[in-house]
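Numbering (the UniProt record's numbering), first residue to last: 1 to 764.
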């Protein structure tokens with residue numbers, strides 16, 4: 001055949017340590033039909049400070065592959081919520097072969113066509129809280145590339161038609177494909193008139209959706225006459241590939257004919273019950289009654305489940321032959337992103353008769369619905385059992401309804417198909433199933449009622465069970481509970497949802513409490529972070545006593561908003577917010593930086609020049625507000641104002657030292673008992689904040705940070721300024737009235753009062 005090679009690539013992305021599925025990087029690819037091989041080239045490289053990160057440590061990278069929907073991964077081995085089905089996926093770990101670059105290759109022979117998803121992450125780290133901009137962070141960038149090779153012009157087999165083929169000596173195989181429409185109960189592939197040097201030296205292989213592999217359904221035509229390979233309950237609306245392969249070492253030319261027969265269950269020629277009431281055929285609840293009789297053969301076969309309101313027949317194999325049961329469609333109601341309800345006509349209560357299954361179809365839209373969670377709930381109406389020991393089994397299967405033919409089996413799988421089994425009875429009347437990131441397409445739910453006896457399950461007699469059925473699509477499992485947040489994420493044009501857990505809870509639905517914080521610990525951590533701000537009370541008292549009223553107001557502002565910000569910032573349930581979180585965070589950061597700013601400006605002793613000091617206070621407030629709005633976690637938001645204020649203080653102290661010809665501050669006691677201890681305490685607080693704080697010790701390390709910063713302010717705040725020794729004007733003797741002093745020239749706006757002589761008229 002003729003091969004065509006396609007190439008796809010994605011933009012490199014920065015990988016993050018794994019904490020939850022919200023921290024992974026997801027890549028979306030589309031593999032075309034008739035692809036015989038797909039090769040992923042996985043490129044990973046390090047960066048540090050805009051250059052290659054040769055000094056960065058080697059950290060393993062895990063990549064997951066899955067067809068049809070994103071992978072449901074669990075690298076931390078946490079517990080999934082109850083009633084959750086976990087689909088499988090491929091996993092690959094990349095190791096480093098070069099100091100700053102590594103490449104991995106992942107090959108898939110005959111991959112399934114459609115959407116493929118790659119998920120990549122770094123291993124979980126120790127949770128260190130690093131200050132942004134303190135040092136150049138090591139970045140690990142990941143870029144996947146896809147190369148596919150597909151066949152073109154594959155021969156198409158038409159059902160009922162015979163195709164002749166002659167295989168030359170240098171050819172080893174011939175590949176065909178046949179399209180299987182909906183409501184097909186059986187695919188039969190047959191090789192006819194096979195002639196070769198050694199009888200019929202051919203292998204016959206059949207596979208759905210993609211070309212066959214070595215482990216696909218296979219038949220040796222040497223050992224079977226006639227050479228027929230049947231597939232019961234095939235996938236609907238898909239291509240089936242037929243590979244006729246010659247035995248190795250067979251000389252000469254081999255000629256044969258190949259044909260395909262499809263058994264269509266919707267044809268009236270097939271056996272079906274002679275008469276079914278309309279309410280029974282639609283599996284309606286008893287409350288709707290029966291509107292008369294209607295044979296299934298009277299309703300025309302539809303072209304699609306979405307284009308008809310009539311029941312659609314499906315096949316069920318049995319010893320007596322093939323029979324068809326109706327499929328009830330569901331109505332799709334979209335409420336929001338990944339919030340879809342599937343309503344059943346004449347539901348949600350459905351009747352399950354004893355002699356036939358009740359089958360429903362749920363259609364998930366391609367790509368759009370695979371990023372959420374498919375939820376299914378069955379609730380048995382015990383009063384409808386009439387005292388019988390009835391169990392209702394539900395089988396949820398993808399792309400084809402799966403039912404058992406012996407009417408007593410409770411399995412939900414065959415040799416080539418596997419579904420999800422649910423059951424409800426009088427003892428356990430409720431059953432749930434959750435499928436995170438379901439594959440899109442049609443999902444079929446088959447309900448059957450069986451009676452339990454001493455010899456196992458047997459068909460019931462004259463008992464029609466009534467079941468409440470609820471099916472819906474949600475973003476996350478139970479909205480991630482009270483200890484998680486459901487986040488809507490996007491990668492290019494693909495949307496998906498994932499839980500981000502807090503307070504030590506883990507798992508796909510934030511239900512694993514193995515490392516969860518207790519209520520007492522949450523309360524203790526909240527009280528530590530909030531009450532540690534009380535340490536600002538002594539600096540406020542010192543500032544008021546020293547007549548630093550502006551500084552005292554800033555400290556009170558900082559103490560108030562830091563307390564309520566940390567009360568609102570807690571990860572657990574001990575949370576109290578008086579304002580929006582963003583407002584509290586901004587005010588807390590602004591108050592912290594303003595406290596540093598006004599303290600250092602006060603230490604500079606600019607009080608004699610009152611207007612210049614006020615300008616600096618106002619300028620600092622405006623610049624800090626602008627910097628925090630740009631980046632609240634940047635290093636220079638803290639260092640920039642601090643260094644600028646320290647520079648002003650250094651210039652002021654140097655000027656006083658030069659003017660007085662004596663070191664300023666002049667007394668050694670001020671240095672020994674105030675400035676040096678205060679500077680050491682502040683330095684220790686900065687070191688704890690920058691290098692020691694982690695997610696595990698955040699509660700007490702950050703509380704110590706509050707205590708140290710507030711304590712350093714109490715040491716560094718200068719004492720009250722002494723009054724000036726220069727003599728002022730003598731006090732004027734006051735009479736019994738009042739004095740009114742008016743500067744005539746200033747009132748007239750003629751001269752600058754700062755440079756002109758002042759002539760005041762005082763009257764009393």
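We put the CB at the ideal spot given by N, CA and C, even for glycine.
These numbers come from a predicted model, not from an experiment.
7 angstroms CB neighbourhood of residue i in its chain, flanking five on each side removed
i: residue 216; result: 205, 206, 207
i: residue 13; result: 25, 141, 142
i: residue 309; result: For residue 309, the predicted structure reports a pLDDT of 34, less than 50, and the residue's modelled location is therefore unreliable. A value from the coordinates is still provided. Result list for residue 309: empty, nothing under 7 angstroms.
i: residue 377; result: 432, 470
i: residue 702; result: 529, 693
i: residue 335; result: 341
i: residue 222; result: 199, 200, 201
Reference residue i; option with closest CA among the options
i: residue 512; options: 482, 682, 525; result: 482
i: residue 356; options: 397, 198, 465; result: 465
i: residue 573; options: 555, 209, 502, 553; result: 502
i: residue 224; options: 239, 209, 199; result: 199
i: residue 638; options: 629, 624, 649, 103; result: 624
i: residue 669; options: 62, 250, 718; result: 718
i: residue 410; options: 452, 643, 441, 525; result: 452
i: residue 247; options: 232, 52, 218; result: 218
i: residue 635; options: 67, 439, 352, 130; result: 130
i: residue 765; options: 437, 494, 707, 546; result: Residue 765 is absent from the structure shown; the chain starts at 1 and stops at 764.
i: residue 59; options: 629, 342, 18, 659; result: 18
i: residue 260; options: 652, 328, 186; result: 186
i: residue 7; options: 149, 227, 61; result: 149
i: residue 231; options: 92, 667, 417; result: 417
i: residue 388; options: 358, 363, 421, 354; result: 354
i: residue 251; options: 47, 243, 257, 170; result: 170
i: residue 587; options: 618, 632, 220; result: 632
i: residue 229; options: 236, 235, 65, 220; result: 220
Spatial neighbours of residue i in its chain, beta-carbon cut-off 6 angstroms, leaving aside the 5 residues before and after
i: residue 435; result: 85, 374
i: residue 99; result: 54
i: residue 678; result: 712, 715, 716
i: residue 213; result: 110
i: residue 616; result: 601
i: residue 689; result: 705
i: residue 145; result: 9, 41
i: residue 522; result: 572, 574
i: residue 674; result: 715
i: residue 627; result: 637
i: residue 245; result: 173, 203
i: residue 566; result: 529, 530
i: residue 147; result: 7, 39
i: residue 242; result: 176, 189, 206
i: residue 5; result: 149
Cβ distance (whole Å) where residue i is taken to contact residue j below 8 angstroms
i: residue 600; j: residue 550; result: 13 angstroms between Cβ atoms; not a contact.
i: residue 177; j: residue 156; result: 6 angstroms
i: residue 184; j: residue 262; result: 5 angstroms
i: residue 558; j: residue 530; result: In fact, because the Cβ distance is near 13 angstroms, the residues do not count as touching under 8 angstroms.
i: residue 330; j: residue 361; result: 6 angstroms
i: residue 484; j: residue 458; result: Not quite, the Cβ-Cβ distance comes to about 45 angstroms (not below 8 angstroms), so this is no contact.
i: residue 22; j: residue 489; result: 6 angstroms
i: residue 81; j: residue 504; result: Not quite, the Cβ-Cβ distance comes to about 17 angstroms (not below 8 angstroms), so this is no contact.
i: residue 175; j: residue 211; result: 6 angstroms
Beta-carbon proximity list for residue i, same chain, < 8 angstroms, skipping 5 on both sides
i: residue 127; result: 694, 695, 696
i: residue 419; result: 395, 396, 397, 398, 402, 412, 413
i: residue 255; result: 164, 165, 166, 167, 193, 194, 195, 196
i: residue 365; result: 440
i: residue 641; result: 593, 596, 597, 620, 623, 624, 627
i: residue 487; result: 22, 497, 498, 499, 500
If contact is defined by three or more beta carbon pairs under 8 angstroms, each pair taking one atom from either stretch, is the region 32 to 41 in contact with the region 111 to 125? By the Cβ test, the region 111 to 125 is in contact with the region 32 to 41, since at least three Cβ pairs between them sit closer than 8 angstroms.
Within the chosen definition, does the region 460 to 476 reach the region 363 to 372 through at least 3 CB pairs nearer than 8 angstroms? In short, these stretches touch, since the Cβ pair count reaches three.
Taking only runs that begin and end inside the region 552 to 632, name each unbroken alpha helix (DSSP H) of 4 or more residues, in chain order. Taking only runs of at least 4 residues, the alpha helix (DSSP H) segments lying wholly in the region 552 to 632 are 581 to 603, 610 to 630.
Quick one: any contact between the region 380 to 393 and the region 440 to 453, if contact means 3 or more CB pairs under 8 angstroms? As far as the Cβ criterion goes, the region 380 to 393 touches the region 440 to 453, which means the pair count is three or higher.
Could you tell me which uninterrupted beta strand (DSSP E) segments, each at least 3 residues in length, are contained entirely in the region 312 to 395, listed from first to last along the chain? Correct list: 312 to 318, 321 to 328, 330 to 336, 339 to 344, 349 to 352, 358 to 364, 373 to 380.
Count the C-beta pairs between the region 100 to 109 and the region 532 to 546 that are closer than 8 angstroms, then say yes if the count reaches three, no if not. Judged by pairs of C-beta atoms under 8 angstroms, the region 100 to 109 does not touch the region 532 to 546, as fewer than three such pairs exist.
Give the list of continuous beta strand (DSSP E) stretches no shorter than 3 residues that lie fully inside the region 95 to 168. Taking 3 residues as the shortest admissible run, the region 95 to 168 contains the following complete beta strand (DSSP E) segments, listed from N- to C-terminal end: 101 to 109, 114 to 121, 138 to 152, 162 to 167.
Which ranges does the beta strand (DSSP E) cover as unbroken runs of at least 3 residues, wholly within the region 439 to 476, from first to last along the chain? With a minimum length of 3 residues, the continuous beta strand (DSSP E) runs that stay inside the region 439 to 476 are 441 to 453, 456 to 459, 465 to 474.
As an exercise, report each continuous beta strand (DSSP E) stretch of at least 3 residues that is fully enclosed by the region 227 to 252, in chain order. Correct list: 227 to 232, 238 to 246.
Starting from the N-terminal side, write out each stretch of the beta strand (DSSP E) that is 3 residues or longer and does not extend beyond the region 9 to 37. Here the runs fully enclosed are 25 to 31.
For the region 667 to 713, list the alpha helix (DSSP H) runs that are entirely contained and at least 4 residues long, ordered along the chain. Runs of alpha helix (DSSP H) with 4 or more residues, each lying fully within the region 667 to 713, are found at 676 to 687, listed in chain order.
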